[in-house]
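Please read the structure below before turning to the comments.
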Amino acid sequence: MGKSLLAPALMGLAPYAGEWTATQAAHLLRRTGFGLVPDELEQLTGMEMAEAVDLLLADQPLPDSPINYNYLLDPNVPLGAPWSGQPLVAGINVNGYRAQSLRSWIFDNIRTERLSVRERMAEFWANHFAIAGGGQPQVRLDYHMLLEEFAMGNFRELIKRITIDKAMLVFLNGNQNSANSPNENYAREVLELFTLGKGPQIAEGDYTNYTEEDVRALARALTGWRTRNLYNTAPGTFPEAYFDARRHDTTDKQLSYHFNNDVITNGDEEEYKNVIDRIFQQPAVARYICRKLYRHFVYYKISEQEESEVVEAMAQILEDNDFEIKPVLRALFMSQHFYDVDNQGPMIKNPFQLVAGLMRTFNHDYQIDDFDLEQERRMLVYYYSRAALMDMDYFDPPSVAGWEAYYQAPGYSRIWINSSTLQERTRFTQTMTSANGIGVGNGVRAKFDYLGWIKQIPSATDPNKLITGIMERLLPRALSDGQLANLKEALIPGLPDFEWTVEYGDHIANPNDDDLAASVEAKLRDLFRAFFSLAEFQLV
Numbered sequence: 001m002g003k004s005l006l007a008p009a010l011m012g013l014a015p016y017a018g019e020w021t022a023t024q025a026a027h028l029l030r031r032t033g034f035g036l037v038p039d040e041l042e043q044l045t046g047m048e049m050a051e052a053v054d055l056l057l058a059d060q061p062l063p064d065s066p067i068n069y070n071y072l073l074d075p076n077v078p079l080g081a082p083w084s085g086q087p088l089v090a091g092i093n094v095n096g097y098r099a100q101s102l103r104s105w106i107f108d109n110i111r112t113e114r115l116s117v118r119e120r121m122a123e124f125w126a127n128h129f130a131i132a133g134g135g136q137p138q139v140r141l142d143y144h145m146l147l148e149e150f151a152m153g154n155f156r157e158l159i160k161r162i163t164i165d166k167a168m169l170v171f172l173n174g175n176q177n178s179a180n181s182p183n184e185n186y187a188r189e190v191l192e193l194f195t196l197g198k199g200p201q202i203a204e205g206d207y208t209n210y211t212e213e214d215v216r217a218l219a220r221a222l223t224g225w226r227t228r229n230l231y232n233t234a235p236g237t238f239p240e241a242y243f244d245a246r247r248h249d250t251t252d253k254q255l256s257y258h259f260n261n262d263v264i265t266n267g268d269e270e271e272y273k274n275v276i277d278r279i280f281q282q283p284a285v286a287r288y289i290c291r292k293l294y295r296h297f298v299y300y301k302i303s304e305q306e307e308s309e310v311v312e313a314m315a316q317i318l319e320d321n322d323f324e325i326k327p328v329l330r331a332l333f334m335s336q337h338f339y340d341v342d343n344q345g346p347m348i349k350n351p352f353q354l355v356a357g358l359m360r361t362f363n364h365d366y367q368i369d370d371f372d373l374e375q376e377r378r379m380l381v382y383y384y385s386r387a388a389l390m391d392m393d394y395f396d397p398p399s400v401a402g403w404e405a406y407y408q409a410p411g412y413s414r415i416w417i418n419s420s421t422l423q424e425r426t427r428f429t430q431t432m433t434s435a436n437g438i439g440v441g442n443g444v445r446a447k448f449d450y451l452g453w454i455k456q457i458p459s460a461t462d463p464n465k466l467i468t469g470i471m472e473r474l475l476p477r478a479l480s481d482g483q484l485a486n487l488k489e490a491l492i493p494g495l496p497d498f499e500w501t502v503e504y505g506d507h508i509a510n511p512n513d514d515d516l517a518a519s520v521e522a523k524l525r526d527l528f529r530a531f532f533s534l535a536e537f538q539l540v
């Protein structure tokens, strides 16, 4: 056997050496996107693994701006037109419809995304750089577009942009940070949550990676940034961040021994860049963000071996590539470790993976593309609200630390499931397997086309092959014989297999027989309701 060409530090990311099949392609799609769209699975399965990964990591155009779905009183934005960059209006609350439009927009981005990891990475950054609270919609949109722009880009440059972004300046009080009255909120979080991690306390005010003196010094270095026009309705005024030199601390800032006792000298408007550059000289930065990437895409438990072999390898790649995220993701998604059977299906889906995953898996485009604006808005807001009731309000995370399921040991993703959220998950899937679906206006009922969906499954007239085919597409792990038998009982309770074979065969032969189609679809709704009630359905 020949020697590996990988450096010892990268052996944890040794390339996947097995056969590239639908199983591996499905795992890649589940982890990098939302749901499993049949034609996307077929496309990736027919490619070489490297081609598939590169396709998912390819740069994409930024999403279109959110639109005015239903508000008639905005004189600057007609129905169907984008509202981004349009002014506020005196005496008219346009922020209400724009905030709701923003929620619809995030689901529409996921719905229309095709074979890309960008929306999953945007979700990663939305959690990593969490901003709680609604905020002015234009400000929130600009912030999220920054996350979209840098989804797979340069981590260091993203933080520089985040540091002086108007949404972050407002949220962590950076716009109140002045030489006469330094505010430490952002300086503390940029060290503790965004770059280094706090680590165990060594002594009073001294942690593994920084000290309280470092927090105070960085707060002074970041003074002078302000925001204005956040809610100004005067013509020609728009929200912006700006630097006020009069409020900036121009004195030297002494850092601790963690930073080699370096001194940050006055840099005026550019000083924030010097701060970030100095932080990124610390080796802990690459390890910290790669640990979070690992938990997002692989598994929340990181053993000592995985830390030393996989996370360290990811961190080395990140540093070697000047903090570009894409090479790290490519190495991870191409690795043997990523496709290990133990890493397939051990995590609980977050609410967006559940709700948006079903929306995409069952190709709700077939209806939404034909909806009018109000029907589309109602459908997308319904999806967003269901995820919010499951404890994931995308534009309102619970704290600056993001959602607990991404950082709170030992539960991590299991935190998504509790007595309340499990009921909401069940209520959602029961609604989407009901005969009536969701009313979206003008007598239209939104529902999944289960009858059309099973056409992708070969030999679906055989109930056993039908159920196995659904299992392979919906679940990350195989079921036991007993579970498969229970699912068949849900499809044809107490009946022999040929009852399904004959009835579904008759439907195929007579597709315009509405009564026959309704009978078959009712059986399928029962079957999918049984699938959605499985514990395995909650896994990814």
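Just so it is clear: in the sequence shown, position 50 is 50 by my numbering, and no numbers are missing. Every residue, glycine too, gets a C-beta built ideally from N, C-alpha and C.
Thinking Arg-287 and Val-311 are a contact (beta carbons under 8 angstroms), I'd like their distance in whole angstroms, please.
6 angstroms
Given a threshold of 16 other Cβ atoms within 10 Å of its Cβ, counted over all protein chains shown, does Arg-554 qualify as buried or as exposed?
Here the chain has residues from 1 to 540 only, and residue 554 is not among them.
Beta-carbon contacts of Ala-401 that lie in its chain and below 7 angstroms, excluding the five residues immediately before and after:
Ala-130, Leu-193 and Tyr-407
Using only alpha-carbon positions, find the residue among Leu-534, Gln-456 and Ala-518 that is nearest to Ala-478.
Leu-534
How would you label Pro-182, buried or exposed, when you count the other beta carbons within 10 angstroms and need 16 or more for buried?
buried
For Pro-15, count neighbouring C-beta atoms within 10 Å of its own C-beta (all shown protein chains included) and say buried if the count is 16 or more, exposed if not.
exposed
Is it true that the CB of Arg-330 sits closer than 8 angstroms to the CB of Val-53?
yes
The alpha helix (DSSP H) that contains Trp-500, what's its start and end?
497-509
Rounded to the nearest angstrom, how far is the Cβ of Pro-476 from that of Arg-30, given a contact under 8 angstroms?
6 angstroms
For Trp-20, list the residues DSSP reports as bridge partners.
DSSP output for Trp-20 lists no bridge partner at all.
Beta-bridge partners of Thr-227, as assigned by DSSP
Ala-241
Measure the C-alpha to C-alpha separation of Gly-437 and Gln-430 and round it to an integer number of angstroms.
9 angstroms
Own chain residues within Cβ distance below 7 angstroms of Asp-206, not counting five before or after:
none
For Asn-185, the nearest candidate out of Arg-220, Ile-202 and Val-285 (CA to CA)
Arg-220
Nearest-angstrom Cα separation, counted from Pro-346 out to Ile-417
14 angstroms
Please classify Asp-74: is it buried, with 16 or more other beta-carbons within 10 angstroms of its beta-carbon, or exposed?
buried
Are the beta-carbon atoms belonging to Leu-102 and Pro-137 less than 8 angstroms from one another?
yes
Under the rule that 16 or more other beta-carbon atoms within 10 Å means buried, what is Gln-538, buried or exposed?
buried
Could you tell me if Lys-465 is buried or exposed, where buried requires 16 or more neighbouring beta carbons within 10 angstroms of its beta carbon?
exposed
In or out: Pro-351 buried (at least 16 other Cβ within 10 Å) or exposed?
buried
Closest residue to Phe-243 among Arg-228, Ser-480 and Thr-251 (Cα-Cα distance):
Arg-228
Of the choices Asp-214, Ile-202, Thr-223 and Ile-159, whose alpha-carbon is the least far from that of Gln-176?
Thr-223
Just verifying my parser: in three-state terms, what is the DSSP assignment at Leu-539?
strand
Find the nearest neighbour of Phe-395 within the set Asp-369, Leu-141 and Asp-268, judged by alpha-carbon distance.
Leu-141
Going by Cα to Cα distance, which pick from Arg-111, Arg-414, Ser-413 and Ile-457 is closest to Asp-369?
Arg-111
Whole angstroms are fine: how far does the CA of Asp-39 sit from the CA of Asp-249?
57 angstroms
Considering only the beta carbon of each residue, do Ala-217 and Leu-255 sit closer than 8 angstroms?
yes
For Tyr-382, does the three-state DSSP call read helix, strand or coil?
helix
For Val-94, name the three-state secondary structure that DSSP assigns.
coil
Same chain, Cβ closer than 7 angstroms to Tyr-300, neighbours up to 5 away in sequence not counted:
Met-347, Tyr-412 and Ser-413
On a Cα-Cα basis, can you pick out the residue from Met-392, Ala-522, Glu-503 and Met-390 that is closest to Asp-449?
Ala-522
DSSP state of Val-310 mapped onto helix, strand, coil
helix
Please report how far the alpha carbon of Gly-96 lies from the alpha carbon of Arg-120, in whole angstroms.
27 angstroms
Could you pull out every residue in the same chain whose Cβ sits closer than 6 angstroms to the Cβ of Ala-460, ignoring the five residues on either side in sequence?
Ile-454 and Leu-466
Closest residue to Ala-126 among Glu-19, Ser-308 and Ala-167 (Cα-Cα distance)
Ala-167
Considering only C-alpha positions, which residue in the set Ser-308, Arg-386 and Gly-441 is nearest to Glu-374?
Gly-441
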